[in-house]
Every structure is written in C-alpha cells, then in structure tokens.
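Undergrad:
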Amino acid sequence: MEVEDLARRLRKRDEKALREVILRLTPLVATIIYNVSGGELTREDIEEVTSDVFITLWNNTDKIVPEKLKGYVCCIAKTRAINKLKTVKSKNIVDIDDYDPEDDFSISEHTEHQDLNRELRELIDTLPTIDREIMIRYYYYYQTTSRIAEVMKLNPETVKSKLRRTREKLKAKLLERGYGV
Amino acid sequence: MKISSLKNEFDQFDQDFEIDETTICADLGIDPQKIADNVLQTIAEPTVKKNRRRFITVFVAAAALSITAVCSTVIATSGVLRPDFTDVYQGDISALEIRGTETFEFAPLDQNLQAEFIGIVNTEDRIVASVNISKKDGTPFTSSDGIQNPSGFLLEKLLPEVKNNENHSQRPTDYSVRLKEQQYGFDYPYVFYVEDENGNICEQSADAVEYVLSDNGKTLRMFITAKTVDKDLTGGYVYITSRYTKAYQYDKKLKAFNTLDETTYADAKYFCQIDGCDMDKDCKWKISSGQYALYTIKTERLALPFDMHFKIDYQLPDKIEKTLDNSNAPQLIRQGDQAQMTISPTKITLSSHKTLTTDEINQMQSVSPAFREEDKMTEENPTISIPECVSAFSVSKADSLQSYDDIDYENSKLLMTDGSVLYFILTDADLQYEAAPDSSVTIKEARTITYSSHFVNKKLNSINADEVLRIFRTTVIDPEKIAKVIINGDLIYAKTGYEDMTVPAPETYTEYTPEDFAEESIAESSDDKNYLPDMTKYEPLEKTSNEMRYILQQYTQEHSLLLTSVNTDINTRSKDDPSIAINRAVFTAEGATENLRHFLQHLLKEEQHNLFIISASLSSNQDENGSRELTVTIENPFVADDAYKSEQDVYSFVIARWGTLQRSLPIEQFFETETDMEKPYLKLTMQQTDFSKQDHSSYSDIRIDPNHKPTQALTLANYQFKQWTDEELNILNSRHGTNGSTPVILHDVNDKDNTAFCSNSLELIISGTQEKVLKTVQYLQEYETKNLFITSVFIFHRDNLHSEYHLKLTLANPYPLRAALLNEQQRDAYIQSHYGAVEWNKMLSTYFSAIENDSISAEFTIASNRKTDAPVVKADIWANFATYDDIAAYKDTINRNPYFTVTNSMNVQRIYSLPPQEDYLSANFTLTTTYFIRSS
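Sequence lines, in order, name chains A and B.
Heads up, the final residue of the first sequence is numbered 186 in this note's numbering, and it's a clean run with no missing numbers.
Heads up, the final residue of the second sequence is numbered 997 in this note's numbering, and it's a clean run with no missing numbers.
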C-alpha cells in the first residue's frame, strides 16, 4: 500500500495503518534521529525517540496531509531528536551563565516563516539535481559529507565545494528576494 | 526578515524531497516491529492513565486545602543552632547565644508562602536574624519567562512600607554584611524597625535585609541585620512588611576589567553609553574569574507579600572590662594616663578619654617636633591636629607601621584557655579632638583589635607579611575562653585560675643537630653521579617547624648563604593515606651559585632523615657580587597515626611518594645548564606519588624557557629517563619533510598531569594544506603504537590566501620514572587513561569542515572529565564575528556537530575599532567531546 493511502487511513485513526506506517518509516525516522544527534544518542535513546515520533503522529492525525506524510514524520523526528539531544547535552553543560546569543535569536512570526519556507523550497527546486540532492541530504537528512560522497559516488571534496557553492547561490537569491541571511 | 541558518530553515520543511530512502537510511539495528509494539501499547494506555490522574488531582487539591489550613496559622519555631550564620560570622558561634523566639509570626498575604524562623544571633554591636521563605507548593522563586539560572538571579532588596511609622521607611544604609559573593557590590535599603517594650521605635534599627536565593531557587534566606548604636536595649519587636521585591538577572556582558578604578569606571560608563544604556540603572557589576564584569540586567518585580514580626531579647554578651594605667600596664599606658579595656566577642577595645588645656598641648608641642606651627589651635582654626604624644598609649604610630619582619609578635597576643595563641598587632589609634570654648581640648582615643581567623591557631613564625592585613571577616571568640591578654608586652588581663599559664615554649631541637649526620659523606662533586640516598636509613620522624628552621639556618650558615625567607608551617595530610602527615617548608636562600649548589646537595642528604626536596628554583639574575637566589620547597612526611602503620608500610609509602630518584644528577645539571644557557628562569620540580594507589601524581620536570637551544633542553629534560632518540627525531624530521610540512622542535614542555611518567614531550609545528596537515597528523598517529602520542593540537593560524593551516602539535613519549614499581599492565592502563586513543585526524577534519569563519583559532587537548576523571578531548575556540547572529549561527553549527558539546561559558566581548575598521565581536568558548576516546 502506498504511503499516501496509509496516511488517509491514519486520519481515520486506523491503528493497523499506524503499525504499517511504523514498519515502513522506522528506518528513515531512526536514521534522521541518528544523523541529527550525530551519534550522541544511544540505541535505546533512538528507539525511545522513534517511538515518541509515532506517538506524536498518532496524536496529531488531524494535521496529516496525505501527500506530505513522510515529510511530516521527518519533521517530527528532527524536532524530537533535537529536543532529546538538548536534554542529553544539558547534562554535560557545566556553566553557561554568560550571554547566550541563541536566547535572543528568533525568526519572526509564523506567517512570515511560511513565506520563507515556500520561497526557499522554490529556490531549492531550481537547483541542478545533484546540487539539490547534496543540499537536501546534508541539511534535511543531516547526512555527513563523507556519507553523501559515498552514496552519490562523489569525491568528498566535490561534495563540500558543491555545498559551499549552492549555499552561496541560495544566499544571493534570498537576498534578491529581500531576506537577510 | 533574517535567516539563522540553512539547517534551521530546512528543519521547518515538512515536504518529502523524494530522495531514495535506501541511500538515506543507515543500518542502526533498530527493530521496526519492536517500535510498533511499543507505540501501539502506549497509545492503548491513556484511558487508564487519565482516570488515575483525575483521582490524584482531586487528592492533591484536598491535601493542599488541609495543609493551607494548618499553615495559615502562626508558624513558630524554636531557635536551633544551625550553620546558617556562618556566612556572617566565623569562629566559635556556639559561644554566642543563638535564639529563636516563640513570638515569631508570619502572616503571608499569598497563602502559598511559608516561612521558617532560623534564629537570632547577637554580638555587642549587631544582631542578625535569619528567616527562610519558600513556597508551599515547592516551586522556585523564578519567573515563567525564563529566569531560571539561580546563580544569575539576584534579588533587589525590598523596600516595603514600614508599619506604623512612615519616618523609618527610607533610612539610608550605613552598614552592610558581606554574605555571598553574588551579593557583592550592592547596597541595601532600610527595611524594618525595632520597637521597644513600650512600643517606642528605637533608634538603633537602621540596617539591612538581604535575600540569598538557594541554588535550586526554592528558598529565599532572609538575613535581617541591625546594628546597635549607643543605647542599651534589652528587648523589643522587629516588624517587617513586605509586598514585593525586585529581581534581576544578568543579561549581556558589556565589558570586563581587571581593576576597577576611576579610569576603568569612566570607560565602563562610556561603553554603556555606546550600548545605549544607563550604567547606574541598567547595569550591574559582577565579579567573575577575578575580573569586574559589567552586565546589563533584566529586572522584574517579584511578589513577596507578607508581614512578619518577632521579639528579640537583646542581651549583650558578657564583656570583660578593666581600667588600665601605667601601674598595671607600664609598657602600654603612658605615665599619668588611663585607658579602658573592653574584651568582647568580636574585638578588644582600648579607649582613653581625657581633657587637656591649650597650655598643656602647647607644652607637648614644644617637645614634639612633629607638631607644626599651623597646627596650633586658634579661634579661626578650632579643630587642630594634635601631636602624637598626647596619646595615652606608648604604642607609637611608627610601631604600627613598621615592617612586619621587624615586629615582635610576642609582644601582643591572646592566650586561649585551650593553649592556643592568637597574635595581633595594634592598629592605629582613632583619635578625636573636640575644642571647648574654655580653650581646653577633649581627646578621645580608641584602638580596636579585631580578631581574625588568620591568627587563630597560627604560630608566630607562620604569619606571612601579606596575611596580617587581610582582616575582612569577624571572628567571634567567647571572652570566657580567653586566658590572658598581653599587649605591648604588658599582661593586661588574666582569667581567674589561669594566672600561671605560660606561653608554650618554643619547641626544642636539641635532639637533632647537623652533627648527627656529619659522618655521612656528602656528594659535592658533580662527578659523583651515582649518589643515591640510602632509603634504608629513612627515619619516619616528624621534624617540627623549629627543627626545619634550625637545619636550614645551620646549612645556610655553613655554606655562606643568607636565609632570606622561610615558611615552615605548611602542614597537610597525605590525600591517599591520611595517617601520613606532611610538614612542608618553603624558603629562599641567597648566595654564590657554587655555594647554593653545595647547599642543595647537603640538603639532599636530609632525604635520609626525612626531608625531601620537592622543587627548587634558581634566579637568573645575579647581583654585582655574583649572588643568586634559590627558592626551595622541602617536605617532611611522618606517620601521624602510627598505631596503624608498620615500619614497612611507612617505608613503602615514602619510597612511592618521594622515590629514590637520583636527584644529584638533575641538581648538578640544574646548576650547570643554568650557567651554560642564558635564560630567564630554570625550575626543577620533583614529586612522586604511589602509582598503585591510582593517585597519579609523580613527575619530574625541568621547565625551561623556550628561548634557548632546543637540543640541550631535550637532553636535559630526558636526562635520566628516556631521551628522544636520534632515530625518532630523524623520523619526525624526514617524514614531515615528505609531507610538505616543516617540523620545528621547540622545547620540552613536560608533563602537566602529575603522572608517574615522564611525558618526554616536544612541540612541533606543521604547516600545509588541510589535506597535508591531516596526513601528517594521521601519520604521527601510527606512531602511537611506538609510544608517541599527540597530546594537543593548536591551530593557531590559517592562511586563507594560500589555503594553508599552521598547526602546533605536542607529542609525548611517556616513560615510567620508576620502572621497577610498574608492571606492564599498569603502564598500559596509564597510557590508555592519559593518551586515550584520539583519532585526531578525524576530529580535525570534522573541525575543518565545520569552520567557515576566517579568524578562528582552536586548541584541542586531552583533558579529564571533572566528575568521572575519564579522558576527554577539550577544544578551546577563539573566533571573531561581525554580529551576534553570526555567533548564533556558528554555535548552531557546532551544536549540530556530532563530536562536540559546548561545555563552558561562551564569553563574548565587543572589540571597538577605529574607522575605517569595523567593530567586531570576539568570542571564546570550550567544547568537549568524548567521542573519539576509546575506553580501556
């Protein structure tokens, strides 16, 4: 069964569909969690976060857009992984009592965000296929450059330079569209 | 609108990018079936949970109601001695009366507040009451918008309206208590008043309330301090009305200064102006890492609504008072004068009060050259300077200002009933003059001797000059425990029953003289390189401070040296064997280099008599007579609790800790090389600890300034252990050469880790492209199996023009100092724990791929995890950024990097530049990783 069909059944609170989705997407979800955590999470942690992702999905079935199920799950996985990582990392933090620039950091309101999201997506779609894939693998799936080079059969240095060039290209285009980068 | 980082933006996407999943997924061994079972089981549970939760909520609410009913009544506790006052007083606090009262009433307007009365302590001049305030529901006193860091969370003192008497609401502070460092530099408004038994507001209530927030943020400890003035008050009521207090949090560090004086203060104001803030209103100072840091603050108002009052039974502690005159204190009081002595728990006061006529003063003036013509009292100048000679005390100002070395401390001291002695010096007199219309002058003179914990239990010869004046804290002494008071050589007070008590006589040293070992041959020749202390003659006996001083004095005299300073009373217990006590002495001797060498050798013989040389440092400067200065630390270990020790145990301990190093060799070398090489300093340090007890604190190093011939340094550093072989150095040279890097052997940087090993280190610099430097690092790592470890990597320069990196590597070739004491397994364990197996090249390539900033330098070192002691790699990063957003983005990159965790404060400073250059932000922070360390 296609993922989209499963998504539709999920919206109807079909537990069997949930099981199916879990079986299908667990490897992807676990990999994203692993990539985001950069190896800092134990296997038990990854299992815990993976379960958490699907529970979150189940509790938000009304928000599922069938065509975007995989993306939605990836998004949850990344958020959960980052949160988990923060709790793990915070145990190691000795003292951060000085100014933390991140505290001040915010990316405006939600609506503006959606605009940016859409425009960025558009820009990404205009990229050459290889560049686009490298970018997505690196930024979206958190793959390392060496892993990207391995699966795409490229030289690691090529991956890095392509990434750099694509980044600059995107930056220039976003500036043209009035976004500060 | 601004974008933080691409990763951040990509995280927001919820679309599928249609990348082949199989190339994304990694084999992590996660079982989807297991996940599915877990998830489905969890989502089936909520119904049960919800019901349980509802029940608990009802139960808690009911319980809370009943608790509120109980707590809304008066909370009263009886006073119990608790350590809560130690922030205020040091010393034997139990000697003072600490009282709670049953009259404590706490009436919270917010029923969630509760209070616990800790107690009251008073001395003759102040009372301090302590109350703990907390929330019944256990929540912290923190706001919902993120003030969560207790260490950065301070409270302004509340300024509530005072009950019944508006006049007392704004009394200025004239006194504040130093409590915790976090309180430093803040002043405290008047907040409460004291009423006597008749309901009159008393004069003596002007003082302070301070809050100290507990580390978990849940308890506010309130210290209420009152300073009594002149009036005797035996009891009264304290009323406090509180509605809110101001809280603030350190926000942004603007600037840090090493000192705070007028210039830096003006600078600080300037920086505030640049930042658009008012220093007085918007900023606070904070002392951190020994610097005065100026922070902007975020403030908010914390509701703290309550009234409280309690009764104080104010009783002055017993004082000892006595009138002194020339007959009972002939050396202290001048003929014809009188003084009143008061011994209280916090000080001894000597005061005199007399009236002199102008004639009498003029007469004194004629005999006092210090009294100048313009000092004469005239109608225009009714307040005059009075000559020192009018003082009732024969302690002159000059006496109290003389060099500490010249003071005879035996002249002024307290003998306690337990036999301890407290030494002090008299302070300058506080003289006040008052001219009367009848041309007479009233002179009030007071000298105060405040007890200081520095003096307590210290012997005369251990008082360091710089310690004497550091009297910040009040030590409290029960006057009842004072047996005798001797001031200026006069016994001015003796407690009944203690009249015959004498000062403990100086310890004798007749049993031990240099003659006792005169027959021992002394290795004075540098040719005698086989000298080895005979540890079988080791005597595990304590050498007292006096004995050590005696030995040092004898030896220095014998070798025509001058003993310029000595501190022989640094006593500790061994950390790994507390039954072993260690007396330590640090001294400095001056004289000809050759004499110093003989002296050190002579001292070396003392190792058989239990006096070990730990370190020696020789000055490079020679005066016109060819004299140098030698500073030496020696240690005398002995068995303090010998019931538990056999001779053998002690012998083993000493061997393990102080070893049987052939010290004559480095000592000879120490002097010889010093002559050969011109360098600012040379220091020899030796120390060993029993490796088998896992206390790795043994090393032997000779630290040498980098500006000298490297080969000699290497030879010297590895003199008796294991040198870098020519082969090893050749390999390093040749292999780096082939990699396009240039090795520069700088100097020995011996082991900092206090190990049982000589680290045998050297530094080298490699330069080249990223690929080349990584290759070199990788190559060097292959040598780890040959006992060659990279211990740190410092990327100190990045040449963007040529895409080159310059790395400074520290390599260690560890070798056990005492091979016989270590087996292979211990050696391996040591190497594992100290040198890890860090995949430096992998770590560096990760680092290189993460850096995008042009001006970043970094140092990677192997360090120990503070808690677990496990080896970790620590990275210190220094970088410059244009904006805070750049820092955020960079930090974001770092945090997403799998190998690092930011483990220390990020310190950001704005560096101001003159146009056309732009200001920039200099940031430095520490990262830690355990990722590349293989556990043993």
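Every residue, glycine too, gets a C-beta built ideally from N, C-alpha and C.
1. Start and end of the alpha helix (DSSP H) containing Met609(B)?
2. Do the stretch 166 to 184 of chain A and the stretch 129 to 148 of chain A make contact, defined as three or more Cβ pairs closer than 8 Å?
3. Contact between the stretch 612 to 627 of chain B and the stretch 654 to 670 of chain B is defined here as three or more beta-carbon pairs at a separation below 8 Å; is this criterion met?
4. So which residues on chain A does Asn99(B) lean against when the C-beta distance must stay under 7 Å?
5. Which residues in chain B sit within 7 Å of Glu20(A), going by Cβ to Cβ distance?
6. Please classify Asp551(B): is it buried, with 16 or more other beta-carbons within 10 angstroms of its beta-carbon, or exposed?
7. Glu53(A) by DSSP, collapsed to three states: which one?
8. Buried or exposed for Val70(A), going by 16 or more other Cβ atoms inside 10 Å?
9. Do Leu11(A) and Glu25(A) have their CB atoms nearer than 7 Å?
10. Whose C-beta lies closer than 7 Å to the C-beta of Asn173(B) among residues of the same chain, with five residues either side of it excluded?
11. Consider the Cβ of Ala936(B): report whether some Cβ of chain A lies at a distance smaller than 7 Å.
12. Could you compute how far the alpha carbon of Glu690(B) sits from the alpha carbon of Val502(B)?
13. Ends of the beta strand (DSSP E) at Phe673(B)?
14. Since I believe Asn632(B) is in contact with Ala642(B) (beta carbons under 8 Å), could you give me their beta-carbon distance rounded to a whole number of angstroms?
15. Tell me whether the beta-carbon of Asn671(B) lies closer than 7 Å to the beta-carbon of Asn697(B).
16. Give the DSSP-derived three-state secondary structure of Gly397(B) in the structure shown.
17. Closer than 7 Å, Cβ to any Cβ of chain A: which residues of the stretch 80 to 93 of chain B, in chain order?
18. When burial is assigned at 16 or more other CB atoms within 10 Å of the CB, is Asp527(B) buried or exposed?
19. Counting only the same chain and skipping the five closest in sequence on each side, list residues whose C-beta sits under 8 Å from that of Gly397(B).
20. Give me the chain B residues within the contact set of Ile5(A), using Cβ-Cβ distance strictly less than 7 Å, ordered along the chain.
21. Given a cut-off of 7 Å, decide if Ile38(A) and Phe59(A) are closer than it, judged by their beta-carbon atoms.
22. Can you pull the DSSP bridge partners for His414(B)?
23. Would DSSP call Asn985(B) helix, strand or coil?
24. Give a yes or no on whether the minimum CB-CB distance between Val156(A) and chain B is below 7 Å.
25. Would you list, in chain order, the members of the stretch 130 to 143 of chain A that have their beta-carbon closer than 9 Å to a beta-carbon of chain B?
26. Cβ closer than 7 Å: which chain B residues qualify as neighbours of Glu173(A)?
27. When the distance is taken between beta carbons, is Met369(B) closer than 7 Å to Ile301(B)?
28. Do you know offhand how far Ile153(A)'s Cα is from Ala943(B)'s?
29. Taking CB distances under 7 Å as the criterion, tell me whether Arg24(A) reaches chain B.
30. Report the neighbours of Leu33(A) on chain B: residues whose CB is nearer than 8 Å to its CB, in chain order.
31. Using DSSP's beta-bridge definition, name the partner residues of Lys196(B).
32. Using a Cβ cut-off of 7 Å, pull out every chain A residue sitting near Ile104(B), in sequence order please.
33. Can you check DSSP and say which residues form a bridge with Tyr697(B)?
34. Using 10 angstroms around the beta-carbon of Glu651(B), count the other beta-carbons present and answer buried if the total reaches 16, otherwise exposed.
TA: Reading from the atomic positions:
1. First-last of the alpha helix (DSSP H) with Met609(B): 606 to 619.
2. Inter-segment contact for the stretch 166 to 184 of chain A and the stretch 129 to 148 of chain A is present: three or more beta-carbon pairs are separated by less than 8 Å.
3. Two segments are said to touch when three or more pairs of C-beta atoms, one from each, lie closer than 8 Å; by this definition the stretch 612 to 627 of chain B touches the stretch 654 to 670 of chain B.
4. Ordered by position in chain A, the residues that pass the 7 Å Cβ test against Asn99(B) are Ser56.
5. Leu101, listed in chain order.
6. Under a 10 Å Cβ-count criterion, Asp551(B) is classified as buried, with 16 or more other Cβ atoms of the shown protein chains found around its own Cβ.
7. Assigned with DSSP and collapsed to three states, Glu53(A) falls in helix.
8. It counts as exposed.
9. In this structure, Leu11(A) lies near Glu25(A), with their beta-carbon atoms less than 7 Å apart.
10. Here the set comprises Lys196, Lys197, Asp198.
11. Not an interface residue.
12. Each residue's Cα considered, the two are about 55 Å apart.
13. Counted as a single uninterrupted DSSP element, the beta strand (DSSP E) harbouring Phe673(B) occupies residues 673 to 680.
14. Between Ala642(B) and Asn632(B) a beta carbon distance of about 7 Å is seen, short of the 8 Å cut, so the two are scored as contacting.
15. The answer is yes: Cβ separation under 7 Å.
16. Here Gly397(B) sits in coil by DSSP.
17. Going along the stretch 80 to 93 of chain B in chain order, one finds Ile80, Glu82, Thr84, Ile85, Cys86, Ala87, Leu89, Gly90, Ile91, Pro93 with a Cβ nearer than 7 Å to chain A.
18. Annotation note: pLDDT 25 at Asp527(B) (below 50); position unreliable, no value reported.
19. For Gly397(B), same chain residues with a beta-carbon under 8 Å away, outside a window of 5 residues either side, are Asn387 in chain order.
20. Only positions 6 to 186 of chain A appear in the structure, and residue 5(A) is not among them; the question remains open.
21. Against a cut-off of 7 Å, the Cβ pair of Ile38(A) and Phe59(A) comes out as no contact.
22. For His414(B), which the question treats as bridged, DSSP gives the partners Lys505(B).
23. It is a strand residue.
24. Chain B has a Cβ within less than 7 Å of the Cβ of Val156(A).
25. Taken in chain order, the members of the stretch 130 to 143 of chain A whose beta-carbon sits within less than 9 Å of a beta-carbon on chain B are Arg137, Glu138, Met140, Ile141, Arg142, Tyr143.
26. Contact of Glu173(A) with chain B by beta-carbon distance below 7 Å is absent, the smallest such distance being about 11 Å.
27. It is a contact, given that the beta carbons lie within the stated cut-off.
28. Annotation: Ile153(A) to Ala943(B) spans about 31 Å, alpha carbon to alpha carbon.
29. True, the Cβ-Cβ gap to chain B drops below 7 Å.
30. Close to Leu33(A), with beta-carbon spacing below 8 Å, are these residues of chain B in chain order: Glu82, Ile85, Cys86.
31. Leu174(B).
32. The answer, in chain order, is Ile60, Trp63.
33. Residue identity differs from the one stated: residue 697(B) is Asn in this sequence, not Tyr. Asn697(B) has Asn644(B) as its beta-bridge partners, per DSSP.
34. Only buried fits Glu651(B), as 16 or more other CB atoms lie within 10 angstroms of its CB.
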